[in-house]
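Report on one structure; see the data block that follows.
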Amino acid sequence: MSNELIFGFHSVEAILASEPERFVEIYALKGRDDKRSTPIIDEALKFGISVQYMQRKALDSKSKGEQHQGIIANVKAAPTFNEKDLDAIIAREDTPFLLVLDGITDPHNLGACLRSADAAGVHAVIVPKDRSAKLNGTARKVACGAAETVPLIQVTNLARTLREIKDAGVWVVGTAGETDNHVFDASLTGPMAIVMGAEGEGMRRLTREHCDLLVKIPMAGTVSSLNVSVATGICLFEVLRQRSVNN
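With the first letter of the sequence shown counted as 1, position 111 gets the number 691 in the numbering used here; the numbers rise by one all the way through.
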């Protein structure tokens, strides 16, 4: 299994708390000793993880310009989840709550969607293998630890996966600007998969055809659309709101 670099306090803390055995080495900003960094370094040393102190320029070079907050970790790559893992999650949950991202290729947006998914109680995020941003260091940092708590399911054929989860009793709700159905008026309380399309292009035709319902977020201003991660958060928390009201 290959290694990957992760950076930022939340990302490092999340893996340190759940899978410390994945760490190969930590690179920390030389001379920094404060209440944010010191506990992480102390915990890593307890596990016998090697810590190398570096100048900021060297850390900047390792993170390729991304904000690293003075800490980077070289870790063993996390295992990937596939269709079998998704089947197990759906079978395990009484009321599955899934997020499907069709064509989200920006790792910042992927990370932000994962963060919202974790906060809203989503059981898994589904993406196509060949048309999605990778769960790299950038996505993990933006996710603020959610990449370690919400399974990211990579599927070979998204349309087939949507058929299969529908057969399992999951209601598939897609987002599309041209529909007349507002997300706040839709019933979103049962087993649910919210499908978000790429910015600009939206969902692909086959993805759209496999949706049981299309909804949109009503817009009151002059802009015609929202960033996909913002729209995702709105839709997910409407599901959470409706579930809370009905419980």
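Using N, Cα and C, we set each Cβ at its ideal position, and we do this for glycine too.
For T802 and A756, the rounded distance between their alpha carbons: Walking along the sequence shown from the start, residue 756 turns up at place 176. Walking along the sequence shown from the start, residue 802 turns up at place 222. Rounded to the nearest angstrom, the two C-alpha atoms are 18 Å apart.
C-alpha gap between Y894 and S804, whole angstroms: The structure shown does not extend to residue 894, since the chain is modelled only from 581 to 827, so the question has no answer here.
Coarse secondary structure for L609, derived from DSSP in three states: Translated into the one-based positions of the sequence shown, residue 609 becomes position 29. In this structure, L609 counts as strand in the three-state DSSP scheme.
Buried versus exposed call for N689 [16 or more other C-beta atoms within 10 Å across all chains shown]: As a position in the sequence shown, residue 689 is number 109, starting the count at 1. With 16 or more Cβ atoms within 10 Å of its Cβ, N689 is classed as buried.
Cutoff 7 Å; reference L806; Cβ partners in own chain excluding five residues on either side: Indexing the sequence shown from 1 puts residue 806 at position 226. Excluding sequence neighbours, L806 sits near I797.
Length of the line joining the Cα atoms of R743 and V735: As a working mapping, residue 743 is identified with position 163 in the sequence shown. As a working mapping, residue 735 is identified with position 155 in the sequence shown. For the pair R743 and V735, the Cα-to-Cα distance works out to about 13 Å.
Coarse secondary structure for D682, derived from DSSP in three states: Walking along the sequence shown from the start, residue 682 turns up at place 102. Looking at D682 - three-state DSSP - the assignment turns out to be strand.
R823 versus K721 - alpha carbon distance: As a position in the sequence shown, residue 823 is number 243, starting the count at 1. As a position in the sequence shown, residue 721 is number 141, starting the count at 1. Approximately 29 Å, taken between the alpha carbons.
Three-state secondary structure assigned by DSSP to Q649: Here residue 649 corresponds to residue number 69 of the sequence shown, with the count starting at 1. Assigned with DSSP and collapsed to three states, Q649 falls in coil, not helix or strand.
With 16 other Cβ atoms within 10 Å as the buried cut-off, status of T787: As a working mapping, residue 787 is identified with position 207 in the sequence shown. The residue in question, T787, is buried, as its Cβ has 16 or more Cβ neighbours within 10 Å.
Range of the contiguous beta strand (DSSP E) that encloses F587: Within the sequence shown, residue 587 is the residue found at index 7, counting from 1. In this chain, the beta strand (DSSP E) harbouring F587 covers 583–587.
Euclidean distance between Cα positions of E818 and H762: For the purposes of this step, residue 818 is identified with residue 238 of the sequence shown, where counting begins at 1. For the purposes of this step, residue 762 is identified with residue 182 of the sequence shown, where counting begins at 1. Distance between the alpha carbons of E818 and H762: 11 Å.
Residues that DSSP places opposite H790 in a beta bridge: Here residue 790 refers to the residue found at position 210 when the sequence shown is read from its first residue. Looking at the DSSP output, H790 sits in no beta bridge, so it has no partner there.
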